[in-house]
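The structure under discussion appears below in the form of structure tokens.
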Amino acid sequence: MTQYPNLLAPLDLGFTTLKNRVLMGSMHTGLEETKDWNRVAEFYAARARGQVGLMVTGGMAPNAEGGVFPGAAGLFSDSDVANHKIVTDRVHAADGKIAMQILHAGRYAYSPKCVAPSAIKSPISPFPPAELDEDGIEKQISDIVTAATRAQQAGYDGVEVMGSEGYFINQFLVTHTNKRTDRWGGSYENRMRLPVEVVRRVREAVGTNFIVIYRLSMIDLVPNGSTWAEVVQLAKAVEAAGATILNTGIGWHEARIPTIATSVPRRAFTWVTKKLMGEVQIPIITSNRINMPEVAENVLSEGCADMVSMARPFLADADFVAKAAEGRAAEIAPCIACNQACLDHTFSGKLSSCLVNPRACHETELTLSPTTASKNIAVVGTGPAGLSAALASAERGHNVTLFDKADDIGGQLNMAKQVPGKEEFWGLVDYYRTMVSKAGITLQLGTVATVEMLAPFDEIIIATGVAPRDPAIPGQDGPNVLSYIDVLRGKAHVGEKVAIIGAGGIGFDVAEYLVTGESPTENLSEWLQEWGVGDPAETRGGLRPEGPQPDAATRQVTLLQRKSEKLGKRLGKTTGWIHRAGLQMKNVQMIGGVNYDKIDASGLHVSEGASHDNPRLIAADTIVLCAGQVPERSLADTLIAEGQSVHVIGGADVAAELDAKRAIDQGTRLAATL
Ligand code: NAP
Ligand code: SF4
Numbered sequence: 026m027t028q029y030p031n032l033l034a035p036l037d038l039g040f041t042t043l044k045n046r047v048l049m050g051s052m053h054t055g056l057e058e059t060k061d062w063n064r065v066a067e068f069y070a071a072r073a074r075g076q077v078g079l080m081v082t083g084g085m086a087p088n089a090e091g092g093v094f095p096g097a098a099g100l101f102s103d104s105d106v107a108n109h110k111i112v113t114d115r116v117h118a119a120d121g122k123i124a125m126q127i128l129h130a131g132r133y134a135y136s137p138k139c140v141a142p143s144a145i146k147s148p149i150s151p152f153p154p155a156e157l158d159e160d161g162i163e164k165q166i167s168d169i170v171t172a173a174t175r176a177q178q179a180g181y182d183g184v185e186v187m188g189s190e191g192y193f194i195n196q197f198l199v200t201h202t203n204k205r206t207d208r209w210g211g212s213y214e215n216r217m218r219l220p221v222e223v224v225r226r227v228r229e230a231v232g233t234n235f236i237v238i239y240r241l242s243m244i245d246l247v248p249n250g251s252t253w254a255e256v257v258q259l260a261k262a263v264e265a266a267g268a269t270i271l272n273t274g275i276g277w278h279e280a281r282i283p284t285i286a287t288s289v290p291r292r293a294f295t296w297v298t299k300k301l302m303g304e305v306q307i308p309i310i311t312s313n314r315i316n317m318p319e320v321a322e323n324v325l326s327e328g329c330a331d332m333v334s335m336a337r338p339f340l341a342d343a344d345f346v347a348k349a350a351e352g353r354a355a356e357i358a359p360c361i362a363c364n365q366a367c368l369d370h371t372f373s374g375k376l377s378s379c380l381v382n383p384r385a386c387h388e389t390e391l392t393l394s395p396t397t398a399s400k401n402i403a404v405v406g407t408g409p410a411g412l413s414a415a416l417a418s419a420e421r422g423h424n425v426t427l428f429d430k431a432d433d434i435g436g437q438l439n440m441a442k443q444v445p446g447k448e449e450f451w452g453l454v455d456y457y458r459t460m461v462s463k464a465g466i467t468l469q470l471g472t473v474a475t476v477e478m479l480a481p482f483d484e485i486i487i488a489t490g491v492a493p494r495d496p497a498i499p500g501q502d503g504p505n506v507l508s509y510i511d512v513l514r515g516k517a518h519v520g521e522k523v524a525i526i527g528a529g530g531i532g533f534d535v536a537e538y539l540v541t542g543e544s545p546t547e548n549l550s551e552w553l554q555e556w557g558v559g560d561p562a563e564t565r566g567g568l569r570p571e572g573p574q575p576d577a578a579t580r581q582v583t584l585l586q587r588k589s590e591k592l593g594k595r596l597g598k599t600t601g602w603i604h605r606a607g608l609q610m611k612n613v614q615m616i617g618g619v620n621y622d623k624i625d626a627s628g629l630h631v632s633e634g635a636s637h638d639n640p641r642l643i644a645a646d647t648i649v650l651c652a653g654q655v656p657e658r659s660l661a662d663t664l665i666a667e668g669q670s671v672h673v674i675g676g677a678d679v680a681a682e683l684d685a686k687r688a689i690d691q692g693t694r695l696a697a698t699l
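Printed below as a string of structure tokens:
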């Protein structure tokens, strides 16, 4: 008897049956742009072998003007069809099903060729769009229909028409972006003419036995967004026009409310999809921050949807569904919703991967093949670098012994999990614990590894991490000065007024920790209130008129750095704004461009410039040092001095700009070579 009866139940679509209720949602990975179709095929085939019910590809442009950026992948010609056939054949051979997403970016296109219902520039693209005339609109519809027929020729099981997230089709629906006065604008009937016409003509072109998913924006989270009555009206019209399934879109890309970041509560928006249940007869899919089978099962058993979409969890673990079905959910590598290797890469023009699974999108290049010569490998340090090296080595068939002087595994992950909004790190450490045990790794915790202990091993991997950098500020030895480690381990008393020295990832995390009482990530109604999200049936677009209403800060915090640039500029590309906005809502003062002159009982004395202008006191009861980190290499250096050959990885190798993504990637890649 499975623990997930709803999730694993087949879904009969009449002309075809999906093997379960799991959709792998669309992700732009950048794989198609590599033009290495074997690599693209292997990415999807791995997820098909992992038993996902239906996959949706990354968005394919229907034409040049609709591409998210110049050169974005699409189905423009017969040779494109042949390339996509490589993917669909491989997926079908693995008994999988795959639909192609058709994505017209409209005014979100990063291109001077972009087009839209009205010539209104989006806040997230520098290019103002050209307003389409009647012929231009006809061309866009016809190109979308052609893309659908090419997808059918390429062997896809269906298409998803991207109608949400503020892209082209969505731009027609709301007055925020549609100021037209012809039959494509004005009344809601006119504004929804385009999506309905697209679905009607796609269905007409592909016939009855082809999946047509329409992704519908159910809560726009932008001013003048759709009302709930409009959402329902559109859903019914799209159903009548021939859609097979409705998928949920949450928030436009320009919305100033986080919708998928790790600080968003799990399943934060399934209540929105649930409102649509019963309004249409076709299956409805829900989405956003669903990352574990029990969460997905609950969503379905509570009647929030007929099917669940997860996207990033399939980067973290291709075998998500198979492991759930086999009762091995604890072995699923959890997506922690960090965006660091997926969306941050996409928005930097890099190929996506995954922080917890560096093999994602590198399936053909980073392989962990069984070794023919098993070795005894010692790994010192159980942070992300050491854990990944140990697990990947064990997976290849080596005998691994893992040392740490701490009493538990996880290293700095154990500090991250204390930060409000980073609760997903608990699950990541639990996952590693499960896998270390399953892999038969010998764990020597509470053990300071010595040269003598390590001498018998064939390979020695040093992953001893980092130590806090000493900022050498006069007075830093005073009783009112703490390191971030003291604070995040909860071992020290922190006063009411706090100055934080250093505004990198850790400075921001410590500020969040110090101003937050109960974590809103653990309390959905509080989180919705904090960010000003309301019921779209009561307030247009789901934006509360009163705006964000966060709880009061539990401390008065000043965050400082020496650089004069905007604080938090180097945080994650897609998540930095959330950290900044969160702290601003809590009235954290952010000050850059200062010298730290001294610390005394009254607080932190700062000034500006080489001549120490504008000297002033930042009054504080407690000063917390978050001034970056340096490699902890003492063991590595001793071993090298003794003539031992060692592999040094993670923060012990390079501390600057270290994060778990680089550490895990480096550990896995090293293990692949041993
Ligand atoms: P970091 O990001 O390198 O930041 C170090 C901070 O210390 C900077 O604000 C720097 O600013 C300051 N600093 C450097 N040298 C200093 C000195 N001698 N005296 C005083 N201040 C000094 O390092 P981190 O905050 O320790 O984070 C470590 C790594 O973990 C980073 O790569 C970070 O991105 C990552 N991390 C990421 C997240 C995340 O949310 N993605 C969260 C936590 C950590 P100035 O030089 O301008 O003063
Ligand atoms: Fe999830 Fe982070 Fe991996 Fe992206 S990089 S899939 S958000 S764990």
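Numbering of the sequence shown is given in the working numbering, commencing with residue 26 and proceeding in unit increments.
Where a beta carbon is used, it is the ideal one built from N, C-alpha and C, also for glycine.
Own chain partners of residue i with C-beta closer than 7 Å, once the 5 adjacent residues on each side are dropped
| i | result |
| --- | --- |
| residue 446 | 287, 288, 537, 544, 546 |
| residue 83 | 51, 52, 53, 54, 57, 126 |
| residue 138 | 89, 90 |
| residue 418 | 402, 425, 696, 699 |
Residue from the options with nearest C-alpha to residue i
| i | options | result |
| --- | --- | --- |
| residue 409 | 686, 94, 391, 28 | 686 |
| residue 148 | 261, 412, 177, 192 | 192 |
| residue 415 | 363, 486, 643, 512 | 486 |
| residue 272 | 254, 66, 237, 578 | 237 |
| residue 489 | 671, 232, 666 | 671 |
| residue 678 | 666, 668, 692 | 692 |
| residue 732 | 633, 100, 614, 647 | Residue coverage of the chain in this structure runs from 26 to 699, which leaves residue 732 outside it and unanswerable. |
| residue 698 | 85, 394, 232 | 394 |
| residue 216 | 244, 229, 256 | 256 |
| residue 576 | 171, 556, 208 | 556 |
Beta-carbon gap between residue i and residue j smaller than 7 Å
| i | j | result |
| --- | --- | --- |
| residue 239 | residue 186 | yes |
| residue 629 | residue 645 | yes |
| residue 711 | residue 533 | Because the chain spans 26 through 699 in this model, residue 711 falls outside it and cannot be assessed. |
| residue 235 | residue 177 | yes |
| residue 374 | residue 396 | no |
| residue 151 | residue 141 | no |
| residue 514 | residue 539 | no |
| residue 127 | residue 81 | no |
| residue 509 | residue 531 | yes |
| residue 688 | residue 654 | no |
| residue 492 | residue 657 | yes |
| residue 456 | residue 359 | yes |
| residue 276 | residue 301 | no |
| residue 377 | residue 371 | yes |
| residue 269 | residue 38 | yes |
| residue 549 | residue 290 | yes |
| residue 322 | residue 31 | yes |
Spatial neighbours of residue i in its chain, beta-carbon cut-off 6 Å, leaving aside the 5 residues before and after
| i | result |
| --- | --- |
| residue 448 | 546 |
| residue 336 | 50, 52 |
| residue 266 | 221, 224, 225 |
| residue 369 | 597, 598, 599 |
Own chain, CB closer than 8 Å to residue i, minus 5 neighbours either side, in chain order
| i | result |
| --- | --- |
| residue 443 | 513, 514, 515, 538 |
| residue 116 | 66, 69, 70, 73, 80, 122, 123 |
| residue 144 | 153, 154, 155, 156 |
CB contact below 7 Å: residue i versus chain B
| i | result |
| --- | --- |
| residue 272 | The structure shown has no chain B; it contains just one protein chain. |
Cβ contact check for the segment 566-577 and the segment 242-251: 3 or more pairs under 8 Å: Under the Cβ criterion (8 Å, minimum of three pairs), the segment 566-577 counts as touching the segment 242-251.
Ignoring anything shorter than 3 residues, give me the beta strand (DSSP E) runs that lie fully in the segment 278-360, in order along the chain. 309-311, 332-335
I want to know whether the segment 452-462 touches the segment 493-513 - three or more CB-CB distances under 8 Å. no
Three or more beta-carbon pairs under 8 Å between the segment 128-139 and the segment 85-98, yes or no? Yes, the segment 128-139 is in contact with the segment 85-98.
Please go through the segment 550-633 and give each complete beta strand (DSSP E) segment of 3 or more residues, from N-terminal end onward. Within the segment 550-633, the complete beta strand (DSSP E) runs of at least 3 residues are 581-585, 614-616, 620-625, 628-633.
Report the start-end ranges of each beta strand (DSSP E) in the segment 201-267 that is 3 residues or longer and not cut off at the edges. 236-244
Beta strand (DSSP E) runs contained entirely in the segment 94-128, provided each spans 3 or more residues: Runs of the beta strand (DSSP E) spanning 3 or more residues and lying entirely within the segment 94-128 occur at 123-127, in chain order.
Would you check if there are 3 or more beta carbon pairs closer than 8 Å linking the segment 587-594 to the segment 342-355? no
Would you call the segment 618-636 and the segment 458-470 touching, i.e. three or more CB-CB distances under 8 Å? Touching, no.
Let me know the beta strand (DSSP E) ranges lying completely inside the segment 39-98, each 3 residues or longer, listed in chain order. 47-49, 79-85
Starting from the N-terminal side, write out each stretch of the alpha helix (DSSP H) that is 4 residues or longer and does not extend beyond the segment 494-519. Whole alpha helix (DSSP H) segments, 4+ residues: 509-513.
Unbroken stretches of the alpha helix (DSSP H), 4 residues or longer, contained in the segment 451-501: 476-479
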